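In what follows, a single structure is set out as structure tokens and then discussed.
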Amino acid sequence: MSNLIVSMTFDDALDSHLDIAVPMLEERGFHGTFFVNLNAQSFVGRFSEWQTIAKKGHELGNHTIFHPAISAKSYISEGNALENYSLDRMLIELKTANQLLFAIDGRQERTFAYPCSNPILGQPGMAKRLLRQSGLERTRIAGWVYKFPFLDVFSREKNYSCLLPELFYTARGGGFGNRSKIIEKNDRYFVPCVCADGLKAAQLQENLNRFRKEGNWLVFMFHGIGSGHHLVCEHPDFGYLLDKLSDDRGISVLPFLQAARMLWGKNADA
Ligand SMILES: [Zn+2]
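Note that the sequence shown covers residues 1 to 270 in the numbering used here.
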């Protein structure tokens, strides 16, 4: 009987997922979860291959259509800046992405990963805007504004995680920070993960050891594997992790949805 579930999740629909990650997973009999933004170049250009991997048992998760993020990021323009999104705008995008994913893989139940692990949309207030304009976003004053949102006067920011329960079984959020490694029921729409971008074999092993002792569900988040993204887990390090997972009989490697179902059952609301 295994006592740790591990989910391998991959963001942004990259060529290296199809070319490197999928064959390496399949060599060991594993299935991954691919959180795809539907406008990704590889997704549009290699559509039938994404459909094929879904048929083979890999999971396609919703990662929006346009991958909205804060306007300070270099690839963001007015149309996909989170500051310009309303809850309704996001709801329309998430629903449409779900419908298109259903047309691709025929699956009714879907999972989600927040682009950039950021659940906040809408215009920030005066304090945050001033801090951003003056480059003081990473200072102690900014820390206070983020800790006590009422200080950000005239803020129209909202957390869009409230939209998720009607659309998704579960959703992946950001890192663990200093919190416990146990995933609980109230994490269901912001399941913490370990960001594996840039981690070497020894660090991946360290995470495995820690979760083997203290955790119940270890979710890895990857972007590029070997190449194709500024965030990359190198090919040999990724292979090392897969070998360790495959050698350890106390670990089950499951797609994100299947793992969440194992943890919370079909009717997890009860
Ligand atoms: Zn992403």
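By construction, the Cβ of each residue, glycine as well, lies at the ideal position given by its N, Cα and C atoms.
It should be emphasised that the depicted structure is a prediction, and the values quoted were computed from it without experimental measurement.
Cβ pair Asp152, Pro119 closer than 8 Å: Along the sequence shown, read from residue 1 onward, the residue named residue 152 stands at position 152. Along the sequence shown, read from residue 1 onward, the residue named residue 119 stands at position 119. Not a contact, by the Cβ cut-off of 8 Å.
Please work out which residues of its chain come closer than 6 Å, Cβ to Cβ, to Ser246, disregarding the five sequence neighbours upstream and downstream, and give them in chain order. Along the sequence shown, read from residue 1 onward, the residue named residue 246 stands at position 246. Arg28, listed in sequence order.
For Met1, which residues of its own chain have a beta-carbon under 8 Å away from its beta-carbon, when the five flanking residues on both sides are left out? Walking along the sequence shown from the start, residue 1 turns up at place 1. Caution is warranted here: a pLDDT of 44 is assigned to Met1, below 50, making its placement in the model unreliable, and no coordinate value can be reported.
Given 8 Å, three or more beta-carbon pairs between the stretch 224-236 and the stretch 16-23: They touch, by the three-pair rule.
For Gly61, report the span of its beta strand (DSSP E) as first-last. For this step, residue 61 is matched to residue 61 along the sequence shown. Residues 59-62.
Within 8 Å, strictly: CB atoms of Phe282 and Ser7: For the chain, the structure presents residues 1 to 270; residue 282 sits outside this window and is missing.
CB of His230 to nearest heavy atom of ligand 1: below 7 Å? Taking the sequence shown and counting its residues from 1, the one referred to as residue 230 is at position 230. It does not: the Cβ of His230 is nowhere closer than 7 Å to a heavy atom of ligand 1.
By the three-class DSSP mapping on this structure, what secondary structure does Ser86 have? Along the sequence shown, one-based indexing puts residue 86 at 86. Three-state result, Ser86: coil.
Beta carbon of Pro165 nearer than 8 Å to that of Asn37: As a position in the sequence shown, residue 165 is number 165, starting the count at 1. As a position in the sequence shown, residue 37 is number 37, starting the count at 1. No, the Cβ-Cβ distance between Pro165 and Asn37 is not below 8 Å.
Nearest-angstrom Cα separation, counted from Ile182 out to Phe211: Working through the sequence shown from its first residue, we reach residue 211 at position 211. Working through the sequence shown from its first residue, we reach residue 182 at position 182. Computed Cα separation, rounded: 9 Å.
With respect to 7 Å, is the separation between the Cβ of His235 and the closest non-hydrogen atom of ligand 1 below this value? Numbered from its first residue, the sequence shown carries residue 235 at position 235. Remark: the shortest separation between the CB of His235 and any heavy atom of ligand 1 does not fall under 7 Å.
Among Ile251, Ser86, Leu131, the one whose alpha carbon lies nearest that of Tyr146: Here residue 146 is taken as the residue at index 146 of the sequence shown, counted from 1. The candidate whose alpha carbon is nearest that of Tyr146 is Leu131.
Considering only C-alpha positions, which residue in the set Thr33, Arg179, Met90, Ile76 is nearest to Ser53? Looking up residue 53 in the sequence shown gives position 53. Per the sequence presented here, residue 53 reads as Ile, with Ser not at that position. Cα-wise, what sits closest to Ile53 is Thr33.
Throw me the rounded Cβ distance for the Ile5 and Leu254 pair, which I believe falls under 8 Å. The count along the sequence shown starts at 1 and reaches residue 5 at position 5. The count along the sequence shown starts at 1 and reaches residue 254 at position 254. About 6 Å; that satisfies the 8 Å criterion.
Thinking Asp248 and Leu204 are a contact (beta carbons under 8 Å), I'd like their distance in whole angstroms, please. Position 248 of the sequence shown holds residue 248. Position 204 of the sequence shown holds residue 204. No, Asp248 and Leu204 are not in contact; Cβ-Cβ is about 13 Å, not under 8 Å.
Host beta strand (DSSP E) of Arg172 (start-end): Mapped onto the sequence shown, residue 172 falls at position 172. Per DSSP, Arg172 belongs to the beta strand (DSSP E) from 170-172.
Buried/exposed call for Arg138, threshold 16 Cβ in 10 Å: For the purposes of this step, residue 138 is taken as residue 138 along the sequence shown, with counting starting at 1. Exposed, since its Cβ has fewer than 16 Cβ neighbours within 10 Å.
Could you name the residues whose beta carbon sits closer than 6 Å to any heavy atom belonging to ligand 1, keeping them in chain order? Counting every residue whose Cβ lies closer than 6 Å to a heavy atom of ligand 1, we get Asp11, Asp12, His63, His67, Pro115.
Are the CB atoms of Val191 and Arg172 within a distance shorter than 8 Å? Taking the sequence shown and counting its residues from 1, the one referred to as residue 172 is at position 172. Taking the sequence shown and counting its residues from 1, the one referred to as residue 191 is at position 191. In this structure, Arg172 lies near Val191, with their beta-carbon atoms less than 8 Å apart.
Quick check: what's the CA-CA separation for Arg107 versus Leu101? By one-based count along the sequence shown, residue 107 stands at place 107. By one-based count along the sequence shown, residue 101 stands at place 101. Their backbone Cα atoms lie some 8 Å apart in a straight line.
Contact belief for Met90 with Leu60 at Cβ below 8 Å, rounded distance in angstroms: As a position in the sequence shown, residue 90 is number 90, starting the count at 1. As a position in the sequence shown, residue 60 is number 60, starting the count at 1. In this structure, Met90 and Leu60 do not form a Cβ contact; the two beta carbons are roughly 19 Å apart against a cut-off of 8 Å.
Whole angstroms are fine: how far does the CA of Leu199 sit from the CA of Leu218? Working through the sequence shown from its first residue, we reach residue 218 at position 218. Working through the sequence shown from its first residue, we reach residue 199 at position 199. Cα to Cα, the separation comes out at about 15 Å.
If you count every other CB in all the chains shown that lies within 10 Å of the CB of Leu136, and 16 or more means buried, which is it? As a first step, residue 136 must be located in the sequence shown, where it is residue number 136. By the Cβ neighbour-count rule, Leu136 is exposed, with fewer than 16 other Cβ atoms within 10 Å of its own.
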